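Before any comments, here is the structure.
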Amino acid sequence: FDTLDSAKCFVGGLPQSPKPPWLYKSVFSPIDVVEEYTRPARIVENGKIAIKPARTEIEPIEFEKVGTLDAFNSDGLRTLLDLPIPNMVEKTMRFPGHIQKIIELRDSGAFAKNRIETTAKMLIDSWKSEAEDFDQTVMRLEFSGIKNGQPITETYDLLDYFDREHGISSMARTTGYTCTAMANLLLQFSHKDAKNTMKKGVVLMESLGQNQKNVDFVLSHLCERNIQLSCKV
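Residue 387 in the working numbering is what sits at position 12 of the sequence shown, and the numbering runs on without skipping anything.
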């Protein structure tokens, strides 16, 4: 992009076969899911950081092979907040009906300080995955701005499934293999071709992403494991 005006991220780790009442099973630390539902969400609007309650501004997102999902504010931008993009938001996605039940719990006072521990334990027990609860990871990235002098919006979708052959969850695949890609990139740091692509010290992922060689390395690593992003303009 010549200039990037907006970056949006919608992401969800979901069961392939959602079952009531929660239509959800936890595929990573469930206590972090609870915190995701209660921690205020930081977004960027018109170049300024805005803080909004989690679970707010629910909007429908349509995915082929998945259906309609509810996307709501969550605090996922973190260090991306420092990027020079005037409008950024990250939203978590769930099957319709799930977040409405969470809101009902909130309205009943279940997330109050004197009740949050009991509520978290109940949710963790309810969301525990069984052997046949195969997961899927759904992500959409939307970028709008100017490229080659023309306004353009690019959309990238990812849909990944539980690896039944090796018994690896999709959440483990999409996050774990990204980590192994970075580990392999670090191992190549001393190589001549890699010296100009890596920095020493604590390095943010987005700074590494400013080098196209790093991006291609990570995407190739994921593609070899059948984790792929599709692009639509």
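Built from N, CA and C at the ideal position, the CB exists for glycine as well.
Here the structure is a predicted model, which means the values were calculated and not measured.
Anticipated Cβ contact below 8 Å, F470 with L379, distance rounded: Walking along the sequence shown from the start, residue 470 turns up at place 95. Walking along the sequence shown from the start, residue 379 turns up at place 4. So it is not a contact: roughly 31 Å between Cβ atoms.
Buried or exposed (CB count within 10 angstroms, at least 16 for buried), L579: Here residue 579 refers to the residue found at position 204 of the sequence shown. Burial call: exposed.
Beta-carbon proximity check, T530 vs K607, cutoff 9 Å: The residue you call residue 530 lines up with position 155 of the sequence shown. The residue you call residue 607 lines up with position 232 of the sequence shown. Going by C-beta atoms, T530 is nearer than 9 Å to K607.
CA-to-CA distance, S483 to T555, given in whole angstroms: As a position in the sequence shown, residue 555 is number 180, starting the count at 1. As a position in the sequence shown, residue 483 is number 108, starting the count at 1. Each residue's alpha carbon lies about 43 Å from the other.
Spatial neighbours of P405 in its chain, beta-carbon cut-off 6 Å, leaving aside the 5 residues before and after: On the sequence shown, residue 405 is found 30 positions in, with the first residue counted as 1. Closer than 6 Å at the Cβ level, and outside the excluded window around P405, lie I499, W502.
The stretch 381 to 400 contacting the stretch 508 to 522, beta-carbon criterion three pairs below 8 Å: yes
Cβ-Cβ separation, D377 to K522 (assumed contact under 8 Å), whole Å: Against the sequence shown, residue 522 aligns to sequence position 147. Against the sequence shown, residue 377 aligns to sequence position 2. That belief holds up - the Cβ atoms of K522 and D377 are roughly 6 Å apart, short of 8 Å.
Sub-9 Å separation of E437 and N448 beta-carbons: The residue given as residue 437 occupies position 62 in the sequence shown. The residue given as residue 448 occupies position 73 in the sequence shown. Going by C-beta atoms, E437 is not nearer than 9 Å to N448.
Reference M468, options P459, V419, G451, L455, closest by Cα: Taking the sequence shown and counting its residues from 1, the one referred to as residue 468 is at position 93. It is G451 whose Cα lies nearest to the Cα of M468.
Simplified DSSP assignment, three categories, for P390: Residue mapping note: residue 390 aligns to position 15 of the sequence shown, counting from 1. Looking at P390 - three-state DSSP - the assignment turns out to be strand.
For K522, the three-state DSSP class (helix, strand or coil): Counting from 1 along the sequence shown, the entry for residue 522 is found at position 147. It is a strand residue.
Residue from P435, H473, R417 whose Cα sits closest to the Cα of P395: Looking up residue 395 in the sequence shown gives position 20. Among P435, H473, R417, the Cα nearest to that of P395 belongs to H473.
Cβ contact check for the stretch 454 to 462 and the stretch 405 to 423: 3 or more pairs under 8 Å: yes
Bridge partner(s) assigned by DSSP for F385: Residue numbering aside, residue 385 sits at position 10 when the sequence shown is read from its first letter. Paired residue(s): K466, R515.
Rounded separation between E465 and K383 - CA only: Translated into positions along the sequence shown, residue 465 becomes position 90. Translated into positions along the sequence shown, residue 383 becomes position 8. Between E465 and K383, the C-alpha separation is close to 6 Å.
Per DSSP, cross-strand counterpart(s) of Y531: As a working mapping, residue 531 is identified with position 156 in the sequence shown. Note: Y531 sits in a beta bridge opposite L516, C606.
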